[in-house]
Amino acid sequence: MIPAPLIETLRSARNVMVFTGAGVSAESGIPTFRDSLTGLWERFDAASLATPEAFRADPALVWGWYEWRRMNVLQAQPNPAHRAIAELARHVPRLTLVSQNVDDLQERAGSAEVIHLHGSLHQPRCFTCGKIPEEPLSMPDEPEGGRRVQPPQCAVCDGQLRPGVVWFGESLPLDQLNAAFAAAELCDVLISVGTSGLVYPAAEVPGLAWRAGATVVHVNPQAGTSHGEREYALAGPAGEKLPELIQQAFGRS
Ligand code: BV8
Ligand code: ZN
Numbered sequence: 006m007i008p009a010p011l012i013e014t015l016r017s018a019r020n021v022m023v024f025t026g027a028g029v030s031a032e033s034g035i036p037t038f039r040d041s042l043t044g045l046w047e048r049f050d051a052a053s054l055a056t057p058e059a060f061r062a063d064p065a066l067v068w069g070w071y072e073w074r075r076m077n078v079l080q081a082q083p084n085p086a087h088r089a090i091a092e093l094a095r096h097v098p099r100l101t102l103v104s105q106n107v108d109d110l111q112e113r114a115g116s117a118e119v120i121h122l123h124g125s126l127h128q129p130r131c132f133t134c135g136k137i138p139e140e141p142l143s144m145p146d147e148p149e150g151g152r153r154v155q156p157p158q159c160a161v162c163d164g165q166l167r168p169g170v171v172w173f174g175e176s177l178p179l180d181q182l183n184a185a186f187a188a189a190e191l192c193d194v195l196i197s198v199g200t201s202g203l204v205y206p207a208a209e210v211p212g213l214a215w216r217a218g219a220t221v222v223h224v225n226p227q228a229g230t231s232h233g234e235r236e237y238a239l240a241g242p243a244g245e246k247l248p249e250l251i252q253q254a255f256g257r258s
């Protein structure tokens, strides 16, 4: 049961912010970062592969992993959580969407503008000169267990393409980070969906919003610790809880 004060607060909110992590795409079949890796990568943990060092050491292993993930995302569909978030924009005066995810499922659910703090699977660039290739990447055709794939060659230098994501140890795009922090300071309600809150500086966002006076809602099957006032935990899958929240607050979902 969603607490009535939360429904009231969301109904009367002017600035709403949604902050998503891998959990929002879990019901689309996309493994979360916490899930252990499978196939060719099962002996690695994601945090060690998502680094410039891993790419330098074995570009084909890392590029193959991202191509396998990109294929999964292209074959996946947005789920009811993504759709509820897109729907929310139609009910509140102002909605800011910030994602830690590198998939484009939120955009494919109809959200116009998503701030991606950790980049995107769909925007490779040259590891050496940073050039973004003119033509889009071809449709990946990766076997289930994945395979090593040589990264494509840059068109203007002899460098190799790298995924357009932020790796561990790399700085986040400053304009996106500043926009997320500014929105967190201004929002009345922040809905944090499907994140373990372990990766910084993105994980600062919910705390920033709460300290600035916002009401914070965590949507996660693992109900986290709640500070108490102005903070709620909706313990369950986002694909269930978000449509329920939108339905109870605005009558439709
Ligand atoms: C930086 C893109 C510095 C790549 C990602 C010690 C050593 C080294 C570094 C550090 C260190 N201590 C701190 C750091 C900094 C480091 C960091 O925070 N490390 C952590 C691990 C401690 N951060 C960085 O390195 C960042 N850069 O700090 O730069 C710097 C400063 C100045 C100048 C130069 C450099 C860069 C971090 C970005 C890394 N890239 N992604 C890729 O995708 O491959 S992060 C990656 O992990 C994801 O994008 C995501 O952000 C994160 C995983 O978090 P979640 O999204 O929360 O996902 P997770 O799987 O953890 O949790 C899923 C949740 O969903 C769970 O809670 C689960 O219960 C829930 N769930 C499951 N099913 C559902 C659900 N919820 C709802 N519904 C469901 N159905
Ligand atoms: Zn280049």
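With the first letter of the sequence shown counted as 1, position 153 gets the number 158 in our numbering; the numbers rise by one all the way through.
From the three backbone atoms N, C-alpha and C, an ideal C-beta is built for every residue, glycine too.
- Of the residues assessed, residue 162 falls on the exposed side of the cut-off, its CB having fewer than 16 other CB atoms within 10 angstroms.
- For residue 183, the shortest C-beta to heavy atom distance toward ligand 1 is 6 Å or greater.
- Distances from the alpha-carbon of residue 134 to those of 160, 215, 42, 102 put 160 closest.
- Proximity of the beta carbon of residue 105 to ligand 1 is indicated: a heavy atom of the ligand is located closer than 6 Å.
- At a cut-off of 6 Å, the beta-carbon of residue 164 counts as near ligand 2: some heavy atom of the ligand is closer than that.
- When secondary structure is reduced to three states using DSSP, residue 234 falls in the coil class, being assigned neither helix nor strand.
- Cβ neighbours of residue 20 within its own chain (closer than 7 Å, five residues either side excluded): 99, 191, 192, 193.
- Taking residue 237 as reference, the option from 256, 215, 71, 244 with the minimal CA-CA separation is 215.
- Annotation for residue 75: the continuous alpha helix (DSSP H) segment containing it runs 64 to 80.
- At the C-beta level, residue 103 and residue 185 come within 7 Å of one another.
- Residue range 194 to 198 is occupied by the beta strand (DSSP E) that includes residue 196.
- Residue 38 places its beta carbon less than 7 Å from that of residue 27.
- Of 153, 251, 241, the smallest CA-CA separation from residue 71 is found for 153.
- Annotation for residue 34: 81 place their beta carbon closer than 6 Å to its own, counting only its chain and skipping 5 residues before and after.
- Cβ-Cβ distances below 7 Å link residue 138 to 129, 160, 166 in the same chain, with the five nearest sequence neighbours on each side left out; the list follows chain order.
- Its Cα nearest to that of residue 202, the residue 229 stands out among 229, 178, 174.
- For residue 14, the uninterrupted alpha helix (DSSP H) segment begins and ends at 9 to 16.
- Under a 10 Å Cβ-count criterion, residue 149 is classified as exposed, with fewer than 16 other Cβ atoms of the shown protein chains found around its own Cβ.
- Residue pairing by DSSP places residue 131 opposite 166 in a beta bridge.
- For residue 79 and residue 213, the gap between their C-alpha atoms comes out near 33 Å.
- In the DSSP assignment, residue 210 falls within the alpha helix (DSSP H) that extends over 209 to 216.
- In this chain, residue 106 is not harboured by any beta strand (DSSP E), its DSSP state being neither H nor E.
- When DSSP states are grouped into helix, strand and coil, residue 223 belongs to the strand group.
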